[in-house]
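Student:
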DNA sequence: AACCCGTGGTG
DNA sequence: TCACCAAGGGT
């Protein structure tokens, strides 16, 4: 691991921020100003989600719920509808809980330090540091995937970023480098660097504004960083989706309050051991496939008459279209439409 | 610490 | 097809 002198650190800050001022993505909507609410919404949406995916969601969200008070007062269904298709739906629920905490418990007075911001639901070590530095100028590193990648290469840090304990190693290494005058811009510049010249697969270090600080590139081992152990494959699961129609309405089922897609409405799903379990009753020729981080679903549509249970309900198209539905349910609805 | 939680894009 | 990636947090 490299150790930088005070002079190198000052040189790096100046080089990075000069580049950021000239070529950073200044036009991102959440960089319009530094209001903590706008920054919070963007940071939550950007968790494990790419900028291009977030952009239209962010614009629409801020249009409908422009202030933290608006979000606090909104019905949860509206928040989930604005989040529909973005995934990791606990983020949306926690975001609203955070807004209600700020409005109801703190009377609209935002926590200003990273430590205090972590009290907000859904706000962890990274997000709290991002908000504290961007909105309140706290000198603290925002250690996200970009920071891991950028600094693992610059400093040749070989700690496994999949390990929880590595976060402190990176935090401690980056803290003395953060620009004390512009901590928010410093953190965002690292992110811009990580998504442009210092990407995971095809880095363009030869043109990188900080190539002279890149020890891994210097030594020809750039792609060896960051060190990250592999994830496990998604578990395959087979389901039968019950298609039951009554008076032009379709039967939906509300999923349990905990677990995958908790609280969302889908067609009733029954796990089956093999396709033989439904012996040729399926309507579709190929299964609907949907892949989550840890699970891979293959779903067969089966038409059958049933009696609705307490968690099931017949919904008109007007009714279900008003709901926030997970993407897998939209796939099932599209497949059913194909069969008509 | 290890696992859970969505979705869309890429080579 | 599949592994991996993308501004992580909760339990």
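In UniProt numbering, the protein residues as written are 1 to 340. C-beta: ideal position from N, C-alpha, C; glycine also. For clarity, every value in this text was computed on a predicted model and none was experimentally measured.
Which whole-angstrom value is the C-beta distance of residue 161 and residue 171, which I expect to be below 8 Å?
Tutor: Rounded, the Cβ-Cβ distance is 12 Å, inconsistent with contact.
Student: Quick check on the DSSP output: what are the complete alpha helix (DSSP H) runs of length 4 or more inside the region 265 to 331, in order along the chain?
Tutor: Listed in chain order, the complete alpha helix (DSSP H) runs (minimum 4 residues) inside the region 265 to 331 are 317 to 322.
Student: Give the single residue among 89, 208, 188 whose Cα lies nearest to the Cα of residue 129.
Tutor: Checked all of 89, 208, 188; the closest Cα to residue 129 is 188.
Student: Confirm, please, whether the CB-CB distance from residue 282 to residue 306 is below 8 Å.
Tutor: Against a cut-off of 8 Å, the Cβ pair of residue 282 and residue 306 comes out as no contact.
Student: DSSP three-state call for residue 41: helix, strand or coil?
Tutor: Note: residue 41 maps to helix in three-state DSSP.
Student: Expressed to the nearest angstrom, what Euclidean distance is found between the alpha-carbon atoms of residue 143 and residue 18?
Tutor: Approximately 21 Å, taken between the alpha carbons.
Student: Going by C-alpha to C-alpha distance, which of 256, 236, 242 sits closest to residue 250?
Tutor: Measuring from the Cα of residue 250, the nearest candidate turns out to be 242.
Student: Measuring only the C-alpha atoms, how far is residue 253 from residue 314?
Tutor: Cα to Cα, residue 253 sits roughly 9 Å from residue 314.
Student: Nearest by alpha-carbon distance to residue 335: which of 154, 316, 104, 290 is it?
Tutor: Nearest option by C-alpha distance: 290.
Student: Using the Cα positions of residue 55 and residue 29, report the straight-line distance between them to the nearest angstrom.
Tutor: One C-alpha to the other measures close to 8 Å.
Student: Given residue 197, which residues of its chain have a CB within under 6 Å of its CB, disregarding the five upstream and five downstream residues?
Tutor: For residue 197, where only same-chain residues beyond five positions count, the Cβ hits under 6 Å are 204, 208.
Student: Determine the DSSP secondary structure at residue 161, reduced to helix, strand or coil.
Tutor: It is coil, neither helix nor strand.
Student: Return the chain-ordered list of same chain residues with a C-beta closer than 6 Å to the C-beta of residue 152, the five sequence neighbours on each side being excluded.
Tutor: Here the set comprises 225, 226.
Student: Quick one: residues in its chain with C-beta nearer than 6 Å to the C-beta of residue 265, no 5 flanking neighbours on either side, listed in chain order?
Tutor: For residue 265, where only same-chain residues beyond five positions count, the Cβ hits under 6 Å are 252, 254, 323.
Student: With respect to the alpha helix (DSSP H) encompassing residue 238, which residues constitute its N-terminal and C-terminal limits?
Tutor: Element bounds for residue 238: not the alpha helix (DSSP H) but the beta strand (DSSP E), 235 to 243.
Student: Looking at the unbroken alpha helix (DSSP H) that takes in residue 6, where does it start and where does it end?
Tutor: 6 to 23 is the extent of the alpha helix (DSSP H) around residue 6.
Student: Please look up how many angstroms separate the CB atoms of residue 342 and residue 235, rounded, as I've assumed it's under 8 Å.
Tutor: Any answer about residue 342 is impossible in this case: the structure gives the chain only from 1 up to 340.
Student: Considering residue 396, what are the terminal residues of the beta strand (DSSP E) in which it resides?
Tutor: Any question about residue 396 goes unanswered here, given that the chain covers just 1 to 340.
Student: Where does the unbroken alpha helix (DSSP H) through residue 128 begin, and where does it stop?
Tutor: Here the alpha helix (DSSP H) through residue 128 covers 125 to 136.
Student: How long is the line joining the alpha carbons of residue 26 and residue 194, rounded to whole angstroms?
Tutor: Their Cα atoms are separated by approximately 15 Å.
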